[in-house]
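Sequential numbering from 973 applies to the sequence shown in my numbering.
What follows is a set of notes on a single structure, which appears directly below.
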Amino acid sequence: MSSVQALTPREDTGFTRRRFYLAAIYGFWGLIGAALGAPALIYLLLPPKPRKGVEWIEAGDLRSLAAGPPKELVFRRNRVDGWKVISEKSSAWVVKTGENEIVAFGPQCTHLGCAYHWDDLKKGFLCPCHASVFSPDGRVVSGPAPRPLDRFDVRLENGKLLLGALREQMEPTE
973 MSSVQALTPR EDTGFTRRRF YLAAIYGFWG LIGAALGAPA LIYLLLPPKP RKGVEWIEAG
1033 DLRSLAAGPP KELVFRRNRV DGWKVISEKS SAWVVKTGEN EIVAFGPQCT HLGCAYHWDD
1093 LKKGFLCPCH ASVFSPDGRV VSGPAPRPLD RFDVRLENGK LLLGALREQM EPTE
């Protein structure tokens, strides 16, 4: 007859190949979790950097502005893109409504962003793209524009016109 041998447990030889693969897989998924979780944790724990104040741009001399039809002023504005500061040409339509009262409109139509112009015959701003018409105070007279023209914050200092942030006007159109 055959003899039966009793099975004895194998001695633990330490770090086996199977344990190595399991450790590598768990380590890999741990690194993935840390890489995905660290930005979220930083966002939640660190407060955002405060933004700088509004940059006021000198757009022109008040003496050159007369009451009457709006005038387009062209100026240079710095835009920060990551670590680069880009100087770009910008413009504003300026209307002098009183001795020291000035309104400055952004240069794009509020429908699709086309550049509009002043029409002396119609006494309004006309957008050539889709025929929106705006009154001298920026309200929509006709056309598909959904809201009035955007306005710059305006400040007058030492005979100079300073333009700040461009603000959307959200009043409903008539």
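We put the beta carbon where it would ideally sit given N, CA and C, even for glycine.
Can you tell me whether DSSP reads residue i as helix, strand or coil?
| i | result |
| --- | --- |
| Phe-987 | coil |
| Leu-1037 | coil |
| Leu-979 | coil |
| Gly-1070 | strand |
| Glu-1146 | Note that Glu-1146 scores a pLDDT of 45, beneath 50, so its modelled location is shaky; the value from the coordinates is reported in the next line. Note: Glu-1146 maps to coil in three-state DSSP. |
| Gly-1078 | coil |
| Leu-1121 | coil |
With distances taken from CA atoms, which of the options is nearest residue i?
| i | options | result |
| --- | --- | --- |
| Glu-1044 | Trp-1065, Leu-1098 and Gly-1078 | Trp-1065 |
| Leu-1138 | Pro-1011, Arg-1049 and Ala-1007 | Arg-1049 |
| Arg-1035 | Lys-1021, Pro-1116 and Glu-1071 | Glu-1071 |
| Arg-1119 | Cys-1081, Gly-1096 and Lys-1095 | Cys-1081 |
| Gly-1075 | Arg-989, Asn-1130, Pro-1116 and Pro-1108 | One detail in the question is off: residue 1075 reads as Val in this sequence, not Gly. Minimum Cα distance to Val-1075 is reached at Pro-1108. |
| Lys-1094 | Ser-1063, Pro-1019 and Pro-1042 | Pro-1042 |
Pull up the distance between the alpha-carbon of residue i and that of residue j, whole angstroms please.
| i | j | result |
| --- | --- | --- |
| Ala-1038 | Lys-1068 | 7 Å |
| Ala-1103 | Gly-1110 | 15 Å |
| Tyr-1088 | Leu-1017 | 46 Å |
| Ile-997 | Leu-979 | 32 Å |
| Gly-999 | Met-1142 | 53 Å |
| Val-1046 | Lys-1061 | 7 Å |
| Gly-1154 | Gly-1009 | In the structure as shown, the chain starts at 973 and stops at 1146, and residue 1154 therefore has no counterpart that could be examined. |
| Cys-1101 | Cys-1086 | 7 Å |
| Ala-1006 | Gly-986 | 28 Å |
| Glu-1073 | Phe-1106 | 20 Å |
| Val-1112 | Gly-1078 | 14 Å |
| Leu-1084 | Gly-1054 | 27 Å |
| Pro-981 | Pro-1011 | 47 Å |
| Lys-1021 | Arg-991 | 46 Å |
| Ser-975 | Glu-983 | 23 Å |
| Gly-1096 | Ser-1114 | 11 Å |
| Gly-1131 | Ile-1004 | 60 Å |
Only counting the same chain, and skipping five residues up and downstream in sequence, which positions put a Cβ closer than 8 Å to that of residue i?
| i | result |
| --- | --- |
| Leu-1134 | Trp-1028, Ile-1029, Glu-1030, Ala-1031, Val-1126, Arg-1127 and Leu-1128 |
| Leu-1013 | none |
Near residue i, which residues of its chain fall below 7 Å by C-beta distance, leaving aside the five closest residues on each side in sequence?
| i | result |
| --- | --- |
| Asp-1091 | Leu-1098 |
| Gly-1136 | Val-1026, Trp-1028, Phe-1124, Asp-1125 and Arg-1127 |
| Arg-1051 | Ile-1058 and Glu-1060 |
Quick one: what's residue i bridged to in DSSP?
| i | result |
| --- | --- |
| Phe-1000 | Answer is none; Phe-1000 lacks a bridge partner. |
| His-1089 | Leu-1098 |
| Gly-1064 | The residue asked about is misnamed: residue 1064 is Ala in this sequence, not Gly. For Ala-1064, which the question treats as bridged, DSSP gives the partners Leu-1045. |
| Glu-934 | In this structure the chain extends from 973 to 1146, so residue 934 is not present and cannot be described. |
| Arg-1051 | Ile-1058 |
| Val-1112 | Phe-1106 |
| Leu-1128 | Leu-1133 |
If you measure from the beta carbon of residue i to each beta carbon in chain D, is any gap under 9 Å?
| i | result |
| --- | --- |
| Trp-1028 | No chain D appears in the structure shown, which is made up of a single protein chain. |
Might you give, ordered along the chain, the residues of its own chain that have their beta carbon closer than 6 Å to the beta carbon of residue i, omitting 5 neighbours on each side?
| i | result |
| --- | --- |
| Glu-1140 | Asp-1122 |
| Gln-977 | none |
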